[in-house]
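**Q**
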Amino acid sequence: MSKKLLVGVLAVLFIILVVAVLQMPTIGSKDHPAYNQTAQYYVDNAMRDTNSPNIITAIITDYRAFDTLGETTVLFTSIAAVASILVASGHKEDNHE
Amino acid sequence: MNDLIVKVITKMLFPFIMVYGFYVMLHGHLSPGGGFSGGAIIGGGFVLFTLVFGLAKAEALLPHRYLKYVESGGLLFYMGIGLFGLFTTGYFLSNQSAGFYMGEAFTLFSSGMILYITFAIGLKVASTMITLFRYIIDEEYDHD
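Taken in sequence, the protein lines are chains Y and F. FYI, in the working numbering the residues of the first sequence are 177 to 273. FYI, in the working numbering the residues of the second sequence are 583 to 726.
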């Protein structure tokens, strides 16, 4: 009984998800909501704002520099975690031996 | 690794890998590349050096006590640039209005803080790769 109910609920969820995916705009189409005025602003003004001919670098280290600072912090956090685990466990083994 | 061919080729290629890594890092605002890819090239060069010549020689070439200052220094330098913009204009990480030297487009010293930020990211990525690899290979040596 409960197994049939589970399969029924999952089937309804599957149909809802498929309908939602079919409603999404095609990848690369001109009406995609990601192509808004922000992208047009970057293309038009990146050279004037940052004096950098590479618009991608201008975006990631000037307009979105705070996001890149977060990415750099992720690197620092990862190395701190690895160092705390590996170095700490290594010292413990030395003490036991 | 006790192979003469690999050792000789690595010894010949290592300076060029370093120069190419710094080139990609410093020309991030002019050509494809930037801090992450340039740092990955430099880190990969040191990983190759460590694999071929062993941990002791790599440690002698670039000791860990310098590496840990580069590690924190890259991030602190990045934050310092952001705070400089905060104090001069009131906006964190502001570029042109904070008074960074914009220079002439298509030359190396241009586009204000992008050059410094790319350099800081590159040093950070390279030191993270080298440190991570050394910790793991150190663990490997301990168990042998």
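Backbone N, C-alpha and C define an ideal beta-carbon position, used for all residues, glycine too. All figures in this text were calculated on a predicted structure; none of them were measured in a lab.
Quick check on the DSSP output: the alpha helix (DSSP H) that includes residue 648 of chain F runs from which residue to which?
**A** Here residue 648 of chain F corresponds to residue number 66 of the second sequence, with the count starting at 1. 646 to 671 is the extent of the alpha helix (DSSP H) around residue 648 of chain F.
**Q** Whose C-beta lies closer than 6 Å to the C-beta of residue 726 of chain F among residues of the same chain, with five residues either side of it excluded?
**A** Position 144 of the second sequence, counting from 1, holds the residue named residue 726 of chain F. In this prediction, residue 726 of chain F scores a pLDDT of 49, lower than 50, which makes its location untrustworthy; the coordinate-derived value is nonetheless stated afterwards. Nothing listed; no residue qualifies.
**Q** For residue 613 of chain F, count neighbouring Cβ atoms within 10 angstroms of its own Cβ and tell me buried if that reaches 16, exposed if not.
**A** Residue 613 of chain F sits at position 31 when you count from the first residue of the second sequence. By the 10 Å Cβ count, residue 613 of chain F comes out exposed.
**Q** From the DSSP output, in three-state form, read off residue 182 of chain Y for me.
**A** Within the first sequence, residue 182 of chain Y is the residue found at index 6, counting from 1. Correct three-state label for residue 182 of chain Y: helix.
**Q** Checking contacts by CB at 8 Å: is residue 726 of chain F closer than that to chain Y?
**A** As a first step, residue 726 of chain F is located in the second sequence; it is residue number 144 there, counting from the start. With a pLDDT of 49 at residue 726 of chain F, under the threshold of 50, the modelled position of this residue cannot be trusted; read the value that follows with caution. Output row for residue 726 of chain F: interface = no.
**Q** Any C-beta of chain Y within less than 9 Å: which residues of the stretch 634 to 647 of chain F qualify?
**A** Answer set for the stretch 634 to 647 of chain F: empty.
**Q** Anyone know if the C-beta pair for residue 704 of chain F and residue 607 of chain F falls short of 8 Å?
**A** Along the second sequence, read from residue 1 onward, the residue named residue 704 of chain F stands at position 122. Along the second sequence, read from residue 1 onward, the residue named residue 607 of chain F stands at position 25. Yes.
**Q** Within the 8 Å Cβ cut-off, does residue 271 of chain Y reach chain F?
**A** Stepping through the first sequence from its first residue, residue 271 of chain Y is reached at position 95. Per-residue confidence for residue 271 of chain Y stands at a pLDDT of 47, beneath the threshold of 50, marking its modelled position as unreliable; the derived number appears in the next sentence. For residue 271 of chain Y, the answer is no, since every Cβ of chain F falls outside 8 Å of its Cβ.
**Q** Residue 227 of chain Y CB to nearest chain F CB: under 8 Å?
**A** The count along the first sequence starts at 1 and reaches residue 227 of chain Y at position 51. At least one chain F Cβ lies under 8 Å of residue 227 of chain Y.
**Q** State yes or no: is the beta carbon of residue 602 of chain F nearer than 8 Å to at least one beta carbon in chain Y?
**A** Residue mapping note: residue 602 of chain F aligns to position 20 of the second sequence, counting from 1. With 8 Å as the cut-off, residue 602 of chain F does not count as an interface residue toward chain Y.
**Q** To the nearest angstrom, report how far apart residue 238 of chain Y and residue 685 of chain F are at their CA atoms.
**A** Taking the first residue of the first sequence as position 1, residue 238 of chain Y is located at position 62. Taking the first residue of the second sequence as position 1, residue 685 of chain F is located at position 103. One C-alpha to the other measures close to 16 Å.
**Q** Show which residues of chain F have a CB atom less than 9 Å away from the CB atom of residue 252 of chain Y.
**A** Position 76 of the first sequence, counting from 1, holds the residue named residue 252 of chain Y. Chain F residues near residue 252 of chain Y: 653, 654, 656, 657, 706, 710.
**Q** Can you grab the Cα-Cα spacing for the pair residue 257 of chain Y / residue 665 of chain F, in whole Å?
**A** Looking up residue 257 of chain Y in the first sequence gives position 81. Looking up residue 665 of chain F in the second sequence gives position 83. Roughly 26 Å separates the two Cα atoms.
**Q** Just the C-alpha distance for residue 224 of chain Y and residue 260 of chain Y, rounded to the nearest angstrom, thanks.
**A** Numbered from 1 along the first sequence, position 48 holds the residue referred to as residue 224 of chain Y. Numbered from 1 along the first sequence, position 84 holds the residue referred to as residue 260 of chain Y. Taking the straight line joining both Cα atoms gives about 45 Å.
**Q** Is any beta-carbon of chain Y found at less than 8 Å from that of residue 717 of chain F?
**A** Indexing the second sequence from 1 puts residue 717 of chain F at position 135. Yes, residue 717 of chain F counts as interfacial toward chain Y.
**Q** With DSSP as the reference, label residue 240 of chain Y as helix, strand or coil.
**A** Translated into the one-based positions of the first sequence, residue 240 of chain Y becomes position 64. DSSP places residue 240 of chain Y in coil when its eight states are reduced to three.
**Q** Does chain F have any CB closer than 8 Å to the CB of residue 214 of chain Y?
**A** Taking the first residue of the first sequence as position 1, residue 214 of chain Y is located at position 38. By this cut-off, residue 214 of chain Y is not an interface position.
**Q** Output needed for residue 717 of chain F: all residues of its chain with C-beta closer than 7 Å, excluding positions within five of it in sequence on either side, in chain order.
**A** Within the second sequence, the letter at position 135 stands for residue 717 of chain F. None.
**Q** Grab the span of the alpha helix (DSSP H) containing residue 619 of chain F for me, first residue to last.
**A** Here residue 619 of chain F refers to the residue found at position 37 of the second sequence. It spans 617 to 635 - the alpha helix (DSSP H) in which residue 619 of chain F sits, taken as one unbroken run.
**Q** Which value, in whole angstroms, describes the spacing of the CA atoms of residue 712 of chain F and residue 634 of chain F?
**A** Position 130 of the second sequence, counted from the start, is the residue given in the question as residue 712 of chain F. Position 52 of the second sequence, counted from the start, is the residue given in the question as residue 634 of chain F. Whole-angstrom Cα-Cα distance: 14 Å.
**Q** Output needed for residue 228 of chain Y: all residues of its chain with C-beta closer than 6 Å, excluding positions within five of it in sequence on either side, in chain order.
**A** Here the question's residue 228 of chain Y lines up with position 52 in the first sequence. For residue 228 of chain Y, where only same-chain residues beyond five positions count, the Cβ hits under 6 Å are 234.
**Q** Beta-carbon of residue 714 of chain F versus every beta-carbon of chain Y: anything under 8 Å?
**A** Counted from its first residue, the second sequence places residue 714 of chain F at position 132. Yes, residue 714 of chain F counts as interfacial toward chain Y.
**Q** Out of Y:186, Y:207, Y:232, point me to the one whose CA is closest to residue 700 of chain F's CA.
**A** For the purposes of this step, residue 700 of chain F is taken as residue 118 along the second sequence, with counting starting at 1. That would be Y:232, whose Cα lies nearest to the Cα of residue 700 of chain F.
**Q** Does any CB atom of chain Y fall closer than 8 Å to the CB of residue 700 of chain F?
**A** To locate residue 700 of chain F, count along the second sequence from 1; it is residue 118. At least one chain Y Cβ lies under 8 Å of residue 700 of chain F.
**Q** Are the stretch 648 to 655 of chain F and the stretch 616 to 631 of chain F touching, with three or more C-beta to C-beta distances below 8 Å?
**A** No, because fewer than three Cβ pairs between the stretch 648 to 655 of chain F and the stretch 616 to 631 of chain F fall closer than 8 Å, the two stretches do not touch.
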